[in-house]
Every structure is written in C-alpha cells, then in structure tokens.
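For reference, the structure discussed in these notes is given below.
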Amino acid sequence: MEEISGFRKILITLLFVLFAAIALGLIWFFLWSPASPVGAGWYLFSFAAGLSMIVLPCTLPLAFVIVPLSMGKGAVKGFTIAVAFGIGVAFTLSLYGVFAAVLGKVAIGSLGAPLEVVKNWLYFVAGTFAFLFALGELGLIRLRMPSYSGAFPGFIQKQKDVLKALLLGLFLGNIGVGCPHPATPVILTRIAVSGDVFYGWLLFFTHAVGRVLPLIFLAILAILGVNLLAGLVKNKDRIQRATGWGMVLVAGFILVLGLFSHDWWVASGQHTFLEELTGEEKFLGIVSERLNLAAPHAHGLPPETSTGLFSLPISWGTWVLLFLWITPLFWYYLRKRKATQALLDSPEKESAKKNLPYHFWTIISVSLVLILVFGYVLPHRFREKAQAHGIEEMMDEHMEDGHMQDSEMMGDESHAGAHESFYHEETEVAEGIVVSLVVTPDKPESGDQTQLGFSVRIRPDNNFVTEADLEIQHEKKMHVIGVRDDLTNFFHIHPDMKVEESGLFTIEHIFKEPGYFKIWSEIKYKGENHAFGHPIVPVAGAGPASKLEKEIVKSRIVDNYQVTLDYAEVGLGNNHVDFEIMDSFGHSAKLENYLGEKMHLALISEDLSQFIHTHPDAAGHGNLPEGDGHTDHSHTLMDTKNPTQVANALEALAHGGETEEATTTVSGETEADHVGFTLPIKKAGFYKVFAQFRPEGTTLEADASLVAEFWIEARDSQIAVEKSGEGAAWWRNLIVSIILIFVLSWAVKKYITVPPVVMKK
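Start counting the sequence shown at 516; every next residue gets the next number (this note's numbering).
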C-alpha cells in the first residue's frame, strides 16, 4: 500500500511536469515560434505543434480510448497501459516521416524537382484537403474527417492489457495522421527537403510525442480520480465549430501559400508584419549579435513577374485568400437563414429571425475589415518599407563595389591568365618538380591528429624548392584535396611552410573515418599549375568501412540550400555544367568569394585515376564589373516616400556601373546567375563532383565551405555504356512504401466510420 501511495505521489509530480511542458509548449507555439525554424529548433517546433493537435477531431477521440483503458487497473498498471498506448501511436505516426523523406529524396534528388516547387505542391495539396475538411466540420459540404468507430480487430482484443494497449496505439496511430493542421505540411516539407530517412523518422516521432503527451496527461488525471472527458463531451459541438472556423482561416492560408509561393507571402506584407508583431527579427538580431552569427534575413520586393503554381501571378494571391476566407462566412449565413425559414412557427424561429440581420451585418463588417487590412494596408505598408530599405542598401552596395574594384585592380590573379594544370603521379616523376607526401605517424588512425607533410623538390638532384619560388594561386601557395576510396570524407586543406627555405609544407589533419585515402596536392611553379597524385594512405581505427554507393541525382540539399547541377549528356572532351544555388525560400542565394572564386569544383573518377580541380569559366558569373576602379560615392539625402525621387535614384544606380550579367532589384538583392564550369573528361566512367561554395553571411571559418556532392556518368559517344542498376533502388523503396500504405489503409478501413451530416430542420 505504501508503494502504491508513493507511486501516486510520483504520478502527481509527473502530472505537474506534463502540465508545465504542455502549457509552455502551447504558449511558445502560438506566440513565439518562428516562421522558419532552424537546426534543433525544428524539434521544438515539431513537438509544440503536436501538443496543439489535441483539440482536432481525429486526435481528441483517442482520449476516449486511452482513459477507459487506464482506469480501474491500479496506479502502476494504469500508467503503464497509458504509456504503452502512447508509444504505439507515436511509433505509427513516425513512419510517415520515413515516407516523407523517401518521397522527398525521389522528387528533389532523383527527379531534380526544385525545392520551392516541391514545397508549394505540398502546401497546396495539404491546404486543399484541410480547407475541404474545414467546410465539412461546419456542415457546408458532406465531407467529414475519419474518426474511430470503437471496434477493435479480434487479435488485439485477445491480448493482455499492456500488449493490447500497445497494439491499439499502433493501430490507431494511423488514423490520427489525417488531421489537417497548419504545422503538418511545414514539418513534412522539412523532412522531404532533407531526404534523410532517420531524420524524418526522428522529427515526426518528436511531433508524435507532442500529440501523445496531452492524452497521457488525461489518463493520469483519470487514474488519480479526475475525469475530464465529461466536460469535453459537453462542449464537443462548440469545439467542433471553433476548430472548423480556425481551420478555414489556416487552411485557406496554406492553400494560397502553396498556390502562389513564398514570394506572395512576402509581397502581401503579412510575413513582415507577423515578424514585427512577434519581435522575431529583433530577437534573432540580438541572438545573432551575441553568438557572432549572420544577421537575420531582410525581405525585399519580389520581382513583378513572379508566379506561383500553374504560372499564376502572385498579385492574385491575396484576393484568392480573401475569397477563401469570406465565401464560407456568407455560405454559412445563407445555410443558417434557410434552416431558420424551414423551422415551424415558434418563439425559437422568431428569435432566430431577429438575429439574422445581426449576423449579416457582422459578416459584412468582418469582410470589409479583412479586405481593408489584407488587401490594402499590409501590402502598401510593406511596399513603402521595402523601397526605402532597398534604396539605402543599394547605395551601400554601390559604395562597397567601388572599394572592391579598387582592391581587385591590385590583385595578382585574373581569369584571363588561367593556365592548364599538368597532372603527375608522385611515384612516376623522374625529372623536374615533384611534391612528395610524408605522413606522421606512418600508420595513422581515425580520430587522431596526423601530420601531412608535402616536400617540394626538383628531381633528380632533389633540391628543395623554397616558398618564394612558388606562386600564389587562389590565395594559397598549396592546395591539398583528399577523399576515401569510396569517394566520401572529402577535404580541401592548405598546408603552410613552417620553416623557410625547407621546401616542406605541413598541416595537422584528422581523418574522421578509417579506410584508404587518396590525396592530391597542387602548386604553381614558374607560371605553370601542377597537380600531384600521392600513394594511397591507409588509415586504421574504428568506424564504418568503405562502401561505394553511386546515385545519379541533379539536386542536393546542403545546410538549407538547394544546389542543382544542370548539364546535357556528359561525354569525352569538354563538358559544360551549371550550378544553381537557391535558399530555403526559393530565391537565388548570394555567394561570397571562397579562395578568390564564387565556387571551387573537384572532379574525381570512381577508380581515383582521374582528378580535376577547377573554377568557374573565364566568363564566370559573379565576377566584379570591369571599370577604372574609381567611383564617385557622393550622394544627397532623398525622401524615400517620394515616388519620383525613388525612381530617379533607382535609375541612376542602375546605370552606375552595373553589368548585364547581374541586375539589381528594388529590394537591393542581386539576382545571381548560374555558375558555369567546363570539365575536360578523357576517360568514360563514373565521376564524383565536389562543388564548394560559401553563402553570403555564413558563419563558417575563413577557409571552410559547404560542399555539394554529385555523381555523373561520362559516356563515350561511340560506345554504348549500360546504366548502373544501383540508381533504381529508390524506385523499389517507393513502390514498396506505396503498397504497404494501401495494405494498411485496407486493413483499418472497416474500423473507421465517417460520421453522417445531420441537417437541422
């Protein structure tokens, strides 16, 4: 008895902890959650969103399962049953995260669909279904969400209590996924973008835990003798109507966001107003400053030619949103008036008729307010702010460009002076300059520091080449690139000569995983670029073994940036490829120089025999405009609210030294072109591309970069090369996933009922 009493105290403590977690999570979600979570913030966002789903019509009924299961079994067993049920629900829901990751990998990676397009379709489809379900909840159409009918499969009913609860959770978790919630497409989009199965499972499992905690909270209350279900049943109709109207607003927004894209949301002024209302930008600015991170993003005016799905102009977006919001109001009023007229003469009918004019003018007033605020005030307010901010930013950039041109004029490198590299294997050089690799210790292990030494000499006399004899290429005297034999663990580092006149460049490096590593070094000597391949370096230690996996895709997600590789069929000889880098909002990402270039590219063959390290073409994109290096920075103060002065300033800046390769919008953002490379390929086969870049404002270390990796296949045009079957693995996964979903849906179909719509007469 004392043990049971003690466990009840534990339950009471746990009850308060759960209450605090649920309350704080809901407050954070509705008041402070960011529009675009980052990093670990996605887990908090996903968890808090799950908490908020307790009131939805297909989640709340689960309370009527978990509470009766837990009551009358004693404190310990009742709590165990509740937890088992919750684990089952959470696990089943988490599998949808796996499916979203596989689907995203197919759509974004293998099919090369742009990230923004995938996101828009997810929002559009989710918003459409949510909007239809919302109309069904209000009784406007005959479409209701599925709910649990109360019947269990026979094999579940025969199990013991705890196992029965677990199996019920696994069974019923599949039903709860159908709830339309504004956060659901956001979370699923994030998972699809990652294409990572484990990340998708974990993120949606976190979301599922958020869904389950309120149910466990209700179960603990019931175990302790407090049953809240009676109150929920009493107010069920009010909850249903409130949920329906809330879903109309949110689902309409999600639908329009998908149909007209993020550019519409920005241009509508709603995004910026919401940020100002919550203080998100100011808060993130303080955090960024203290953590020495990049400043939060600012929004400019999207191009006037921007379109959404089906090439619809974004200027239509706000009016479509207002139509979706206002139409159900009048529809509901007409249904209510018709129902009132159908009533028999009675005091109730007279009272309802008197209230009809009040409802009508209330709807008219609400509609006018919505049109005024969302159709005029917010867009007009945002446009004025964006123009003012854009003029200031453009002037700052114009001044900075002048200084950058001055410094560039003094530089010692030029695209026009580029030279072809001469490739050598270290062991095959008998005469002339050579770089020899020395590894210390000679048997390195993963995770430990290893010194890589590169001795530069002239054979056959082995005379040292001093640092002064070498020329700078892309800000460094020596570049070193390495990969494991399965073409993973890529690194690009830069040794230094510690002792002058020694001819020895050294650097400390940590091999992250064991395996066999191929390393190349590059130098520039007497105006010629030389690349040297060094003998394989075996690295011991614990870790995953090498496993060569080839997957031909044209799009990768790297740290919230979508990198797309565009090329025609790759063959022998010179091949042109283009890279396009988009941020998470579908805009061209600005790149800052990385080692003197917008991008660096390493191309390595499957057998490690072919190596190319190259840079954007001579007519490369993102280069500074040509000029005399002198710019007049004087300017007068201007009234940014004066359209004439704004137009004049824009025209003056637009003709003040800009080239045709880059155009500046009124927001001050530069529309980045594709970054193009020419790849000279001499041998047919599979190659891996390592594309390095630094987004503007990144917090990476000075010599660090983001790396996007792609496999390509070079074919001899005269010899047919069969495609590898390994790239089709995702098709098998997709087909199996779809079959399993249909089987699971068929298995639970007879246990799901659609509540009939009862019309009042």
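Yeah, the Cβ is synthetic: ideal placement off N, Cα and C, and Gly gets one too. This one's a predicted model, so the numbers in the text were calculated from it and none came from an experiment.
Nonlocal neighbours in the same chain, by C-beta distance under 7 Å from residue i, ignoring five residues either side
i, result
"E1023", "Q964 and Q966"
"E946", "R974 and P975"
"K1013", "T1021"
"R852", "L871"
"A615", "L703, I706, A707 and G715"
"F845", "I878"
"V1054", "P959, E960, S961, F1026, P1029, G1030 and F1032"
Those residues which DSSP pairs with residue i across a bridge
i, result
"L584", "L584 is not bridged to any residue."
"L1194", "N1090"
"R999", "F1032"
"T1021", "G968 and D1011"
"V1052", "F1032"
"N1108", "None, per the DSSP bridge assignment."
"T1079", "S1070 and E1095"
"W876", "Its beta-bridge partners do not exist; DSSP assigns none."
"L1116", "T1129 and A1206"
"R974", "G947"
"E1043", "Y1040"
"W1226", "K1203"
"V954", "L967"
"F937", "H1045"
"G994", "Sequence inspection shows His at residue 994; the Gly mentioned does not correspond to that position. The partner list for H994 (beta bridge, DSSP) reads E1037."
"T1348", "Residue 1348 is absent from the structure shown; the chain starts at 516 and stops at 1276."
"S1103", "M1097"
"L1221", "F1208"
"Q988", "K991"
Contacts around residue i, its chain only, beta-carbon distance under 6 Å, and the 5 residues preceding and following it disregarded
i, result
"E1095", "T1079 and H1189"
"L1063", "D1001"
"V953", "G968"
"L650", "I656"
"L1110", "H989 and E990"
"F788", "L893"
"Y938", "A1046"
"L858", "K864"
"V888", "none"
"V712", "V613 and A616"
Distance between beta carbons of residue j and residue i, contact taken as under 8 Å
i, j, result
"G725", "A563", "6 Å"
"L703", "L637", "6 Å"
"E941", "F1047", "5 Å"
"R999", "S1061", "6 Å"
"N635", "L764", "Not really, about 20 Å apart at Cβ, beyond 8 Å."
"P894", "G784", "5 Å"
"G619", "A707", "3 Å"
"L837", "I886", "6 Å"
"D1081", "K1069", "7 Å"
"I1051", "F1032", "7 Å"
"A1229", "G1200", "6 Å"
"L770", "L839", "7 Å"
"A766", "G565", "Not really, about 18 Å apart at Cβ, beyond 8 Å."
"A599", "G684", "7 Å"
"A590", "I738", "6 Å"
"V1073", "A1223", "5 Å"
"V727", "G601", "4 Å"
Heavy atom of the ligand ADP within 7 Å of residue i beta-carbon
i, result
"H777", "This structure simply doesn't include the ligand ADP, nor any ligand for that matter."
Test: residue i CB closer than 8 Å to a CB of chain C
i, result
"K851", "The structure shown contains no chain C, having only a single protein chain."
Chain-order list of residues whose beta-carbon lies under 8 Å from that of residue i (same chain, five-residue window excluded)
i, result
"K1027", "S961, G962, N1004 and G1058"
"E1015", "T981 and E982"
"F720", "A605, F606, L608, S609 and G612"
"W1035", "V995, I996, G997, A1046, F1047, G1048, H1049, F1126 and H1128"
"F875", "Y848"
"V949", "H939, E941, V971, R972, I973, R974 and F1047"
"G890", "T833, W834 and L837"
"H1170", "The predicted position of H1170 is uncertain, since its pLDDT is 46 and thus under 50; a value taken from the coordinates is nonetheless stated next. Same-chain partners within the cutoff: there are none."
"D1122", "G1200"
"K869", "none"
Practice task
Give a yes or no on contact between the stretch 1102-1118 and the stretch 1200-1218, applying the rule of three or more CB pairs nearer than 8 Å.
Solution key: With a cut-off of 8 Å, the stretch 1200-1218 and the stretch 1102-1118 count as touching, because enough Cβ pairs lie within range.
Problem - Those runs of the beta strand (DSSP E) which lie wholly inside the stretch 839-899 and span at least 3 residues - result: Entirely contained in the stretch 839-899, not one beta strand (DSSP E) run reaches 3 residues.
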